[in-house]
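Colleague: Numbering-wise, the sequence shown is residues 1 to 242 according to UniProt numbering.
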Amino acid sequence: MSDQSSDQLNSLTALVLFSGGQDSTTCLAWALKRFARVEMLGFDYGQRHAVELECRDRLLDGIKSLRADWASKLGESHTLEIPTLAKISDTALTRDVAIAMGADGLPNTFVPGRNLVFLTFAAALAYRRGIRHIIGGMCETDYSGYPDCRDATIRALQTALSLGMDAQFELHTPLMWLDKAATWRLAAELGGAGLVDLIREHSHTCYLGERGARHDWGFGCGECPACVLRARGWQQYADATT
């Protein structure tokens, strides 16, 4: 995060990494509160849970209906295809294999370099569109052991991207130090019960792409690491608000 004031940010455009999940939807609301215009970027990289990309339109329609000022700030929604990422990966996010811990101590849902690639492509797009602020849902508190979600990784990449493109990028990670309960709470603070309900009904987190089973916290298999984190966070949030 930079030291720029809210007034300065309110005159600028931001690009949000928007997958269609809980975290990226919360980040989108965070950006809409702070920036004059917000564009979105999603990636189709051969993920098993590509259904998340289909959720984005419903989420955007819902956000537009929640607040007229947010609707007026929404800009273009971009999608980039990076099939090579799946081809060079052998992970449970890009292959039909059971989710398990690897010998290196990382879950096999870790796609090596994914966030580095995403943010590099985002910066390239932002550069061409005159955007300097990029927002992602990376989180070190509930990051499932992914090293490319760590704050140090993001800070280092911000420096590299700014140097490599000779442009002063700011990578914002509003969820970096929040657990999932705090992420639900942030959504409530940003958009009230309407945003919380929208995230529950239309965002997608499940690694297996399961949309059949409806739980209190939304749709998913209920057993993969992403579902377990989301469910536990929801229960903690719900217990604290009742």
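Glycine included, C-beta positions come from ideal geometry on N, C-alpha and C.
Just so you know, these numbers come straight off a predicted model, no measurement behind them.
Around the Cβ of Arg185, are there at least 16 other Cβ atoms within 10 angstroms (buried) or fewer (exposed)?
Modeller: Buried: at least 16 other Cβ atoms inside 10 Å.
Colleague: Can you list, in chain order, the residues of its chain whose CB lies under 6 Å from that of Ile131, leaving out five sequence neighbours each side?
Modeller: Once the five neighbours on either side are set aside, the close Cβ partners of Ile131 are Thr13 and Leu15.
Colleague: Could you check the C-alpha separation between Arg58 and Ala124 for me, to the nearest Å?
Modeller: When rounded, the distance between both Cα atoms is 27 Å.
Colleague: Three-state secondary structure (DSSP) at Met176?
Modeller: Note: Met176 maps to coil in three-state DSSP.
Colleague: Could you tell me which residues DSSP pairs with Leu41 in its beta bridges?
Modeller: Partner(s): Leu17 and His78.
Colleague: So, at 7 Å on beta carbons, what are the nonlocal neighbours of Val51 in its own chain, with the 5 sequence-adjacent residues on each side left out?
Modeller: So the qualifying residues of the chain are His204, Gly209 and Arg211.
Colleague: Identify, in the order they occur along the chain, each residue of the same chain with its Cβ nearer than 8 Å to the Cβ of Gln158, setting aside the five sequence neighbours on each side.
Modeller: Only Phe169, Glu170 and Leu171 meet the Cβ criterion.
Colleague: Are Gly191 and Leu80 touching if we call contact CB-CB under 7 Å?
Modeller: No.
Colleague: Please tell me whether, using a cut-off of 6 Å, the distance from the CB of Arg132 to the nearest non-hydrogen atom of the ligand SAH is below it.
Modeller: In the structure shown, the ligand SAH is absent, as is every other ligand, since no ligand is present at all.
Colleague: For His78, which residues in the same chain have their Cβ closer than 6 Å to its Cβ, ignoring the five residues on either side in sequence?
Modeller: Hits under 6 Å: Leu41.
Colleague: In the structure shown, what three-state DSSP assignment does Glu170 receive?
Modeller: The answer is strand: DSSP assigns Glu170 an E or B state.
Colleague: Could you name each continuous beta strand (DSSP E) segment of 3 residues or more that falls completely within the segment 167 to 242, going from the start of the chain to the end?
Modeller: With a minimum length of 3 residues, the continuous beta strand (DSSP E) runs that stay inside the segment 167 to 242 are 170 to 172.
Colleague: How many Å lie between Ala29 and Ala187 at the Cα?
Modeller: Taking the straight line joining both Cα atoms gives about 8 Å.
Colleague: Can you tell me the Cα-Cα spacing of Ile154 and Tyr207, whole angstroms?
Modeller: Rounded to whole angstroms, Ile154 to Tyr207 spans 23 Å at the Cα level.
Colleague: Please look up how many angstroms separate the CB atoms of Asp179 and Gly233, rounded, as I've assumed it's under 8 Å.
Modeller: Between Gly233 and Asp179 the Cβ distance is about 6 Å, and since that is below 8 Å, they are a contact.
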